[in-house]
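K.L.:
Sequential numbering of the sequence shown, starting at 2, is according to the working numbering. Backbone N, C-alpha and C define an ideal beta-carbon position, used for all residues, glycine too. Attaching a single structure in structure tokens format; questions to follow.
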Amino acid sequence: DLTEKLAPDFLLWNGDQSNDIHFTKDMAGQFLAPACLVIADRWPLAYVRGNHDVRGPEARCLPDFTGTPDDRFYYAFRSGPVACLVMDTGEDKPDDSEHFGSMAAFQAMQKRQAEWLQRIVKEPWFREAPFKILFCHIPLWFIRDIYPTHQRWEFHPVCRELWLPSLVEAGVQLVISGHTHDPRWLPAKEGQPISQLIGGGPQPKWATFIEGHATREELVVTMRRLDGAVVAEARVKA
2 DLTEKLAPDF LLWNGDQSND IHFTKDMAGQ FLAPACLVIA DRWPLAYVRG NHDVRGPEAR
62 CLPDFTGTPD DRFYYAFRSG PVACLVMDTG EDKPDDSEHF GSMAAFQAMQ KRQAEWLQRI
122 VKEPWFREAP FKILFCHIPL WFIRDIYPTH QRWEFHPVCR ELWLPSLVEA GVQLVISGHT
182 HDPRWLPAKE GQPISQLIGG GPQPKWATFI EGHATREELV VTMRRLDGAV VAEARVKA
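Written out as structure tokens, the structure is:
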């Protein structure tokens, strides 16, 4: 309903559309028409792959529903004054984790993205944009006070080390993520050169809706709960 009222220039799913992907018969409802709202038929829909979206027997069918360029889950696009990077943070555990049984190879994919990132941010359409945002499912920074005993929630050292030099050099001003189920606004500070916005969780009482409005002078990004209460607001000057 919030989407209908905004009539946005584009929509973006920031990953983990399901806990794991078991049946292709359910995927249209999960990814394209949630609650029978046919959003993908009305607005451009960008998709960020989450770590749960690589799990389950039908996870390899995901490109049939997301339509990402060349079926990759990293790409970039421009919408008015905003240049958007979409990148794939992969899983939330290292490739050698016992949970994967030696079947994971996400770090090679994360490294390929670092090489792609170096190229894409130099293209004129991206370089000349007044605003530059990175969308990625797992945050590059997080506060561990919600999960103090879970070492795996120290996000996301591999991607951060690989990508951050290019992101800073390109002038990326904001990272928008999900994953933690705990909405947070982390302004840029020493040791964190880019501001980080983290969305909420899957239960309605923790869910958040993020909207952005951009002119050539200012980008305003507001995160609300479903009842309309503002959780955080980020203002970025061109």
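Three or more beta-carbon pairs under 8 Å between the region 23-43 and the region 70-80, yes or no?
P.N.:
With the cut-off at 8 Å, the region 23-43 and the region 70-80 do not touch.
K.L.:
Tell me which residues share the same chain as T91 and place their Cβ nearer than 7 Å to its Cβ, disregarding the 5 neighbours each side in the sequence.
P.N.:
Here the question's residue 91 lines up with position 90 in the sequence shown. Before going further, note that residue 91 is Gly rather than Thr in the sequence given. If we look at G91 and ignore the five residues flanking it on each side, its Cβ neighbours are N52, F107, M110 and Q111.
K.L.:
Taking V11 as the reference, give the member of K26, L46 and Q31 with the closest Cα.
P.N.:
Translated into the one-based positions of the sequence shown, residue 11 becomes position 10. Note on identity: in this sequence residue 11 is Phe, with Val being the wrong assignment. Minimum Cα distance to F11 is reached at L46.
K.L.:
Cα-Cα, which of A115, M88 and P188 is closest to F136?
P.N.:
On the sequence shown, residue 136 is found 135 positions in, with the first residue counted as 1. The option with the nearest alpha carbon to F136 is M88.
K.L.:
Just checking my contact of P9 with W44 at CB under 8 Å: how many whole Å lie between their CB atoms?
P.N.:
On the sequence shown, position 8 is the one that residue 9 refers to. On the sequence shown, position 43 is the one that residue 44 refers to. Yes, P9 and W44 are in contact; Cβ-Cβ is about 6 Å, under 8 Å.
K.L.:
Where do the N-terminal and C-terminal ends of the beta strand (DSSP E) with S80 fall, by residue?
P.N.:
Against the sequence shown, residue 80 aligns to sequence position 79. Its beta strand (DSSP E) spans residues Y76 to S80.
K.L.:
Pull up the DSSP beta-bridge partners for E212, would you.
P.N.:
Within the sequence shown, numbered from 1, the residue matching residue 212 stands at position 211. DSSP, once it has assigned bridges, lists T223 as partnering E212.
K.L.:
Cutting at 6 Å between CB atoms, please list the residues of its own chain near P70, excluding the five before and the five after it.
P.N.:
Taking the sequence shown and counting its residues from 1, the one referred to as residue 70 is at position 69. Hits under 6 Å: Y76.
K.L.:
Pairs of beta-carbons, one from the region 119-136 and one from the region 162-175, closer than 8 Å: are there three or more?
P.N.:
Output reads yes: the region 162-175 touches the region 119-136.
K.L.:
As a quick exercise: from C85, P188 and D97, pick the residue whose alpha carbon is nearest that of W126.
P.N.:
On the sequence shown, residue 126 is found 125 positions in, with the first residue counted as 1. Per the Cα distances, C85.
K.L.:
Which ranges does the alpha helix (DSSP H) cover as unbroken runs of at least 4 residues, wholly within the region 84-142, from first to last along the chain?
P.N.:
Counting whole runs of 4 or more residues, the region 84-142 contains the alpha helix (DSSP H) stretches 107-121 and 125-128.
K.L.:
Since M28 and F66 are thought to touch, with beta carbons under 8 Å apart, how far apart are those beta carbons, to the nearest angstrom?
P.N.:
The residue given as residue 28 occupies position 27 in the sequence shown. The residue given as residue 66 occupies position 65 in the sequence shown. Correct: roughly 5 Å between the Cβ atoms.
K.L.:
If you draw a straight line from the alpha carbon of K238 to that of Q197, how long is it in whole angstroms?
P.N.:
Within the sequence shown, the letter at position 237 stands for residue 238. Within the sequence shown, the letter at position 196 stands for residue 197. If you take the alpha carbons of K238 and Q197, they lie about 16 Å apart.
K.L.:
Roughly how many angstroms separate the alpha carbons of L163 and K6, rounded to a whole number?
P.N.:
For the purposes of this step, residue 163 is taken as the residue at position 162 of the sequence shown. For the purposes of this step, residue 6 is taken as the residue at position 5 of the sequence shown. Approximately 39 Å, taken between the alpha carbons.
K.L.:
Work out the CA separation of G102 and R236 for me, nearest whole Å.
P.N.:
To locate residue 236, count along the sequence shown from 1; it is residue 235. To locate residue 102, count along the sequence shown from 1; it is residue 101. Rounded to whole angstroms, R236 to G102 spans 44 Å at the Cα level.
K.L.:
For E212, I'd like the list of residues in its chain whose CB is within less than 7 Å of its CB, leaving aside the five on either flank, ordered along the chain.
P.N.:
Taking the first residue of the sequence shown as position 1, residue 212 is located at position 211. Once the five neighbours on either side are set aside, the close Cβ partners of E212 are L7 and T223.
K.L.:
Could you pull the start and end residues of the beta strand (DSSP E) that K1 belongs to?
P.N.:
Outside the shown range of the chain, which is 2 to 239, sits residue 1, and nothing can be said about it.
K.L.:
Which residue comes first and which comes last in the alpha helix (DSSP H) that contains S167?
P.N.:
For the purposes of this step, residue 167 is identified with residue 166 of the sequence shown, where counting begins at 1. It spans P158 to A171 - the alpha helix (DSSP H) in which S167 sits, taken as one unbroken run.
K.L.:
The beta strand (DSSP E) spanning L38 covers which residue range?
P.N.:
Counting from 1 along the sequence shown, the entry for residue 38 is found at position 37. Per DSSP, L38 belongs to no beta strand (DSSP E) and is neither H nor E.
K.L.:
Have a look at the DSSP bridge pairing and note the partners of Q204.
P.N.:
In the sequence shown, counting from the first residue as 1, residue 204 sits at position 203. Partner(s): none; Q204 has no beta bridge.
K.L.:
Could you tell me the boundaries of the beta strand (DSSP E) in which L13 lies?
P.N.:
Counted from its first residue, the sequence shown places residue 13 at position 12. Looking at the DSSP string, the run of the beta strand (DSSP E) that includes L13 is L12 to W14.
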